[in-house]
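Q:
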Ligand SMILES: [Zn+2]
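Numbering (our numbering), first residue to last: 2 to 71.
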């Protein structure tokens with residue numbers, strides 16, 4: 002799940018922008034989602050495309066983090 006790396010929670014995240022780009026034959030080429038944290042105003046962007054998922058800015062995917070609180 003995407004969360005704010007500053008607040009360490011997804012609770013305040015809002016999607017403020019999303020866009021789907023299609024290839025010429027109508028296949029999904031790339032999905033862009035821009036997030037904003039309503040608590041600390043951190044912003045970030047998730048881009049999913051042929052080469053996998055890229056996350057930029059002040060957000061992160063907490064599934065990638067070591068599970069220390071389990
Ligand atoms: Zn935050």
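Don't be surprised by glycine CBs; every beta carbon is placed ideally from N, CA and C.
1) Determine which residues share a DSSP beta bridge with residue 10 and list them.
2) Ends of the beta strand (DSSP E) at residue 62?
3) From residue 49 to residue 32, what distance separates their C-alpha atoms?
4) Could you check how far apart the C-beta atoms of residue 41 and residue 14 are, in whole angstroms? I think they sit under 8 Å.
5) In this structure, what does DSSP give as the bridge partners for residue 50?
A: On the basis of the data shown:
1) According to DSSP, residue pairing for residue 10 in a beta bridge involves 5.
2) For residue 62, the enclosing beta strand (DSSP E) has its first and last residue at 60–62.
3) Rounded to the nearest angstrom, the two C-alpha atoms are 5 Å apart.
4) Going by Cβ atoms, the distance from residue 41 to residue 14 rounds to 11 Å, so no, they are not a contact pair.
5) Beta-bridge pairing links residue 50 to 31 and 53.
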